[in-house]
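Engineer:
Numbering (my numbering), first residue to last: 118 to 563.
1. Nearest to residue 309 by alpha carbon, out of 504, 270 and 497?
2. Which whole-angstrom value describes the C-beta separation of residue 510 and residue 398, a residue pair presumed to lie in contact below a C-beta threshold of 8 Å?
3. Can you name, in chain order, every residue of its own chain whose Cβ lies under 8 Å from the Cβ of residue 546, other than the five neighbours on each side?
4. Just confirm the distance between the C-beta atoms of residue 275 and residue 371, as a whole number of angstroms; I'd bet it's less than 8 Å.
5. Among all the DSSP beta bridges, which residues are the ones paired with residue 314?
6. How big is the Cα-Cα spacing for residue 171 and residue 514?
7. With C-beta atoms as the reference, is residue 512 less than 9 Å away from residue 215?
8. Compute the distance between the beta-carbons of residue 475 and residue 528, then report whether it is under 9 Å.
9. Looking at C-alpha atoms only, which residue of 451, 416 and 409 is the closest neighbour of residue 436?
10. Excluding the five sequence neighbours on either side, which residues of its own chain have a C-beta within less than 8 Å of the C-beta of residue 225, listed in chain order?
11. Assuming the contact rule is C-beta atoms closer than 8 Å, residue 462 and residue 456 should be a hit. Round their C-beta distance to whole Å, please.
12. Report all residues from its chain with a CB closer than 6 Å to the CB of residue 524; omit the five preceding and five following residues, and keep chain order.
13. Counting only runs of 4+ residues fully inside the region 383-449, write out the alpha helix (DSSP H) ranges in chain order.
14. Count the other C-beta atoms from every protein chain shown that fall within 10 angstroms of the C-beta of residue 271, then say buried if there are 16 or more, exposed otherwise.
15. Within the continuous alpha helix (DSSP H) that includes residue 225, where are the two ends?
16. Quick one, are the C-beta atoms of residue 306 and residue 326 less than 9 Å apart?
17. Compare the C-alpha of residue 108 against each of 359, 259 and 176 and name the closest.
18. Quick one: is residue 293 buried, meaning 16 or more other Cβ sit within 10 Å of its Cβ, or exposed?
19. Residue 248 and residue 501 look like a contact to me (Cβ under 8 Å); what is the Cβ gap, rounded to whole Å?
20. State the CB to CB distance for the pair residue 211 and residue 219, rounded to an integer number of angstroms; the pair is presumed to be in contact (CB under 8 Å).
21. How big is the Cα-Cα spacing for residue 134 and residue 157?
22. Would DSSP call residue 274 helix, strand or coil?
23. For residue 155 and residue 230, I'd like the C-alpha separation in whole angstroms.
24. What's the gap between the Cα of residue 353 and the Cα of residue 251?
25. Using a Cβ-Cβ cutoff of less than 6 Å, which residues in the same chain neighbour residue 393 once the five nearest sequence positions on both sides are dropped?
26. Which residues in the same chain have their Cβ closer than 6 Å to the Cβ of residue 302, if we skip the five residues on either side of it in sequence?
27. For residue 283, which residues does DSSP report across the bridge?
28. Would residue 503 and residue 348 qualify as a contact pair, given that the criterion is a beta-carbon distance under 9 Å?
29. Please check the pair residue 257 and residue 129, which I expect to be a contact at CB under 8 Å, by giving their CB distance rounded to whole angstroms.
30. Within a Cβ cutoff of 8 Å, which residues of the same chain sit near residue 124, ignoring the five residues on either side of it in sequence?
31. For residue 446 and residue 434, which I take to be in contact (beta-carbon distance under 8 Å), what is that distance rounded to the nearest angstrom?
32. Residue range of the alpha helix (DSSP H) that residue 162 falls in?
33. Does DSSP put residue 233 in a helix, in a strand, or in coil?
34. Tell me which residue opens and which closes the alpha helix (DSSP H) that residue 381 is part of.
35. Residues in its own chain within less than 7 Å of residue 283 by CB, not counting five upstream and five downstream?
36. Which residue comes first and which comes last in the alpha helix (DSSP H) that contains residue 341?
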């Protein structure tokens, strides 16, 4: 037993050392690793030294960034993007409005959590500064999501209704969170597929699209299914080529037909989504009561809220007398209800200002984009919209990928990402070759 544990510790130490070296060589990989572990987070809970892997990765990334910043000469001082400042003000308000809840919380030290999230956002904006780095980060997250989706597909069981089906989460925290990660991965795969000319890579990304597509349904997360169809609709809207639009529609139809062979009742479950929303049946009715409790908390504490992380502990008191399904301890299952009830009106305004600023940074605009970077901006816009709409049915305030996307929005604020050295050299080479051909042509025509 002792020898087995020793082997595990040595293996974990070797993996940790490799990750550390990679991060110090390419600091942006620390951000990519922090995001990529989210869909497979359950793996690390049972591995010694890896149960809280996010913290050492974050520290290594911060140290690598600071070390790199000292070595590089900066030309001029850059103005801090508004989304960073708004996030700082929001966090400051969370702390000063209810310092006891933020500093001495029963579940966690929220001030420490928000410090980590802000640093992640800042590092994302500083380190994911080229399209290639962003593509690599997308790919790492999407590959991890595929692994989680495969587990969900093999473990899941779709029955006659959503309530009788086996809800699985793959390797993520829960089914709803897993479904969102699969949707985000699908969008990433689609973007990456449009940016490659290699046939094998196109097939590989197509397989990734199909696996994450099926994975969403095997979580039996109805909100995840709605987000999936919404994301596909947004891709169709932003896709300029009619050929690609038709291809995506055909792919979706074929995938749904193939899915129906494995789960005949899937269309029944999809058809029951809107009636459940309208009637407030099963878990939807519970969510309505959770939101109502959050609203009542805000009415009792309109300016400062009940304090960050306090919703769960006060829920039992506010649920007394409610009709329909109730629970004594749960999250609000709504990011906006959480922010409003726990940080009050001022906190809610600051949070929405931060979110709106991020949308402004990513807003598709022909004047702000070149053809090369337009689709990259559109992809991040779709991701932020998926996360924001998904926040209506899940508590996402502390989700790392949300804060990472806020940081990426700072990269794309009123400008294009910096081109990598490799792409710049390729562009120079192409321009030089073109110039030479033009000069030869002009010489021959004289």
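Just so it is clear, CB atoms sit at the ideal spot from N, CA and C, and this is done for glycine as well.
Structural biologist: Taking the coordinates as given:
1. 497
2. Wrong, their Cβ atoms sit about 15 Å apart, outside the cutoff.
3. Any answer about residue 546 is weak, because its pLDDT of 44 lies below 50 and its placement is not dependable; what the coordinates show is given next. Counting only Cβ-Cβ distances below 8 Å, and skipping sequence neighbours, we find nothing.
4. About 18 Å separates the two Cβ atoms, so there is no contact after all.
5. In DSSP, residue 314 forms no bridge with anything.
6. 17 Å
7. no
8. no
9. 409
10. 426
11. Incorrect: roughly 10 Å between the Cβ atoms, too far for contact.
12. 238, 241 and 242
13. 383-388, 390-396, 399-417 and 428-436
14. exposed
15. Neither: residue 225 is in no alpha helix (DSSP H) and is coded neither H nor E.
16. yes
17. The structure shown does not extend to residue 108, since the chain spans only 118 to 563, so no value can be given for it.
18. buried
19. 17 Å between Cβ atoms; not a contact.
20. 6 Å
21. 20 Å
22. strand
23. 16 Å
24. 22 Å
25. 401
26. 259, 262 and 329
27. 274
28. yes
29. With a Cβ gap of about 20 Å, residue 257 and residue 129 do not count as contacting.
30. none
31. Incorrect: roughly 11 Å between the Cβ atoms, too far for contact.
32. Element bounds for residue 162: n/a, residue is neither H nor E.
33. helix
34. Premise fails: residue 381 is in no alpha helix (DSSP H) and is neither H nor E.
35. 273 and 274
36. 339-355
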